[in-house]
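First comes the structure, then the notes that go with it.
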Amino acid sequence: MHTIDIKILDPRLKNEAGDVEFAPHYATPGAAGLDLRACIEAPLLIEPGATHLVPTGIAIHLADPGLAALI
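Residue numbers for the sequence shown follow the numbering used here, beginning at 17 and rising by one.
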């Protein structure tokens, strides 16, 4: 098991008690990766061939050089 350091950058990811409610998580048993949420104010339509920077509201640090994070 590896440890990933996570910093919450957007307060919308926390509930009223201050607990992290929308952290990356495995959506189903056996999933290969964690699901992220987009921290945006309104729906975003991305046209074919277009690119957008979409904030996740988090920052992560992987101390193990044998690990990689991909979005």
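Ideal Cβ placement from N, Cα and C applies to all residues, glycine included.
Bear in mind that the values here come from a model prediction, so they are computed numbers and not experimental data.
Worksheet item: Since H41 sits in a beta bridge, which residues does DSSP pair it with?
Response: D51
Worksheet item: Is it the case that the Cβ atoms of H68 and I74 are separated by a distance below 7 Å?
Response: no
Worksheet item: Should L29 and F38 be called a contact, given that it needs their Cβ atoms to be closer than 7 Å?
Response: Their beta carbons are under 7 Å apart, which means L29 touches F38 by this criterion.
Fill in: Option nearest E57 by Cα separation, candidates G65, P45, T72
Taking only the C-alpha atoms, the option nearest E57 is T72.
Practice prompt. Keeping to the same chain, check which residues put their C-beta closer than 8 Å to that of A79; ignore five residues upstream and five downstream.
Written response: For A79, where only same-chain residues beyond five positions count, the Cβ hits under 8 Å are T19, D21.
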